[in-house]
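To keep things clear, I will list the structure first and then write my remarks on it.
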Amino acid sequence: MLTEVSATRYVTPLREGGSLPGLVEADDLGLYVMKFSGAGQGRKTLVAEVICGQLARRLGFRVPGLVGIALDPVIGLGEPDQEVQGLLKSSGGLNLGMEFLSGAIGFDPLAYGVTAEEAGRVVWFDALINNVDRSWRNPNMLVWRGDLWLIDHGASMIWHHNWRGAEASAAKPYDAADHALAPFGPDVKGAAAELAPQVTEDLLMECAAEVPEAWLADEPGFEGPDDVRRAYASTLLGRARGLAERITVGAPAGRTGTAGWREPR
Ligand SMILES: Nc1ncnc2c1ncn2[C@@H]1O[C@H](COP(=O)(O)OP(=O)(O)O)[C@@H](O)[C@H]1O
Ligand SMILES: [Mg+2]
Numbered sequence: 001m002l003t004e005v006s007a008t009r010y011v012t013p014l015r016e017g018g019s020l021p022g023l024v025e026a027d028d029l030g031l032y033v034m035k036f037s038g039a040g041q042g043r044k045t046l047v048a049e050v051i052c053g054q055l056a057r058r059l060g061f062r063v064p065g066l067v068g069i070a071l072d073p074v075i076g077l078g079e080p081d082q083e084v085q086g087l088l089k090s091s092g093g094l095n096l097g098m099e100f101l102s103g104a105i106g107f108d109p110l111a112y113g114v115t116a117e118e119a120g121r122v123v124w125f126d127a128l129i130n131n132v133d134r135s136w137r138n139p140n141m142l143v144w145r146g147d148l149w150l151i152d153h154g155a156s157m158i159w160h161h162n163w164r165g166a167e168a169s170a171a172k173p174y175d176a177a178d179h180a181l182a183p184f185g186p187d188v189k190g191a192a193a194e195l196a197p198q199v200t201e202d203l204l205m206e207c208a209a210e211v212p213e214a215w216l217a218d219e220p221g222f223e224g225p226d227d228v229r230r231a232y233a234s235t236l237l238g239r240a241r242g243l244a245e246r247i248t249v250g251a252p253a254g255r256t257g258t259a260g261w262r263e264p265r
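In this text, residue positions in the sequence shown follow UniProt numbering: the first is 1, and each later residue adds one.
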């Protein structure tokens, strides 16, 4: 289970993303990027953040540490922004927090080089979790203290919105043409050789075990949270098999060749 802290102060909204996460201070004096349980995207976004974030960490990627954040909506009473006020009001109870990487800057492919090996690892991982949210338009990667960090896994595992079609959906190919790291010549085969053997059922169950019960309760078609956890583990395990053969990395859509894509935006 995730470590749990309590929010003591709402600091500011983070407006770069779509879901309006908030920067909060907690009773351990840490600063966290908080993803609201009451946000329109729903609790599955939080489940995806936990499973994929913990899996990424276990596979050796740099990802911010995750915590559960207990929120008493009263801390937002003085918040002037209506949208933020609404989010705080509807998110009483447990929310998700990510350690705030103070001073991190958004990944810019023109300013930060990535090796084919590292690019391959990220692309293979994103293919595994069906992440569609790491494109050059919206990389969801940060550079902090000279290293590349992965954030924002909320839009992955699209198949968990329709469990009946999950297995078929997980068997589908992954088109990485639009991936932010596609231009770095990702060594997907090398990454698969290193990472695929590590993705075992035990490892996946460890990651799923970190998801708070409340976010898995009453899932239609399941007997309880552990049943849902097993479904996540088995779907991801199935997807990992032979995945590298199903990944295509072409030229980024809408741009021609590697020279064209490097034009300043
Ligand atoms: N752990 C973090 N440390 C520092 N900044 C972060 C962190 N997580 C997110 N951010 C900043 O907040 C923005 C929105 O966060 P993100 O997780 O991408 O949410 P969204 O679902 O809104 O896209 C990011 O683009 C980044 O600038
Ligand atoms: Mg984002």
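Even glycine gets a Cβ: it sits at the ideal position worked out from N, Cα and C.
Identify whether residue i lies in helix, strand or coil by the three-state DSSP scheme.
| i | result |
| --- | --- |
| V249 | coil |
| G42 | coil |
| E219 | coil |
| E213 | helix |
| K189 | helix |
| I129 | coil |
| R9 | strand |
| A170 | helix |
| I75 | helix |
| F23 | First, the residue type needs correcting, since residue 23 is Leu and not Phe in the sequence shown. Reduced to three states, the DSSP call for L23 is strand. |
| E263 | Because the pLDDT at E263 is just 40, under 50, the model does not fix this residue reliably, and the value given afterwards should be weighed accordingly. Here E263 sits in coil by DSSP. |
| V114 | coil |
| G254 | Low per-residue confidence applies at G254: pLDDT is 49, beneath 50, and the placement is therefore not dependable enough to give any value. |
| A104 | coil |
| V123 | helix |
| L66 | strand |
| E4 | strand |
Which residue comes first and which comes last in the beta strand (DSSP E) that contains residue i?
| i | result |
| --- | --- |
| M141 | M141 to W144 |
| V33 | L31 to K35 |
| D227 | Per DSSP, D227 belongs to no beta strand (DSSP E); it is in the alpha helix (DSSP H), P225 to A240. |
| L243 | Careful: L243 lies outside any beta strand (DSSP E) and carries neither H nor E. |
| W149 | D147 to L150 |
| N95 | G93 to E99 |
CB of residue i to nearest heavy atom of ligand 1: below 6 Å?
| i | result |
| --- | --- |
| N131 | no |
| G17 | yes |
| M98 | yes |
| P186 | no |
| A104 | yes |
| P109 | no |
| P220 | no |
| V33 | yes |
| L88 | no |
| P21 | yes |
| P64 | yes |
| L148 | no |
| L46 | no |
Is any heavy atom of ligand 2 found at a distance shorter than 6 Å from the C-beta of residue i?
| i | result |
| --- | --- |
| D178 | no |
| G238 | no |
| D152 | yes |
| N95 | no |
| N162 | no |
Shorter than 7 Å from the beta carbon of residue i to some beta carbon of chain B?
| i | result |
| --- | --- |
| L71 | You won't find chain B in this structure, because it holds only one protein chain. |
From this set, the options, which residue's C-alpha is nearest residue i's C-alpha?
| i | options | result |
| --- | --- | --- |
| L105 | L150, P186 and I129 | Here the sequence assigns Ile to residue 105, which means Leu is not the residue at that position. Selected option, being the one with the closest Cα: L150. |
| L88 | N130, V114 and T8 | T8 |
| R57 | E245, T248, L203 and L236 | L203 |
| N162 | Y232, V24, E245 and V249 | Y232 |
| A182 | E117, D81, E99 and F36 | E117 |
| H179 | F100, Q41, A119 and E99 | A119 |
| I51 | R246, S234 and G250 | S234 |
| W124 | G113, L96, P197 and F100 | P197 |
| V211 | K44, M34 and Y32 | K44 |
| G185 | S91, Y32 and V249 | V249 |
| F107 | R134, F100 and G42 | R134 |
| S156 | G60, L29, Y32 and L46 | L46 |
| I129 | L2, I247, T12 and Y10 | I247 |
Go to residue i, then tell me how far its alpha helix (DSSP H) extends in each direction, as first and last residue.
| i | result |
| --- | --- |
| D178 | Neither: D178 is in no alpha helix (DSSP H) and is coded neither H nor E. |
| E83 | Q82 to K89 |
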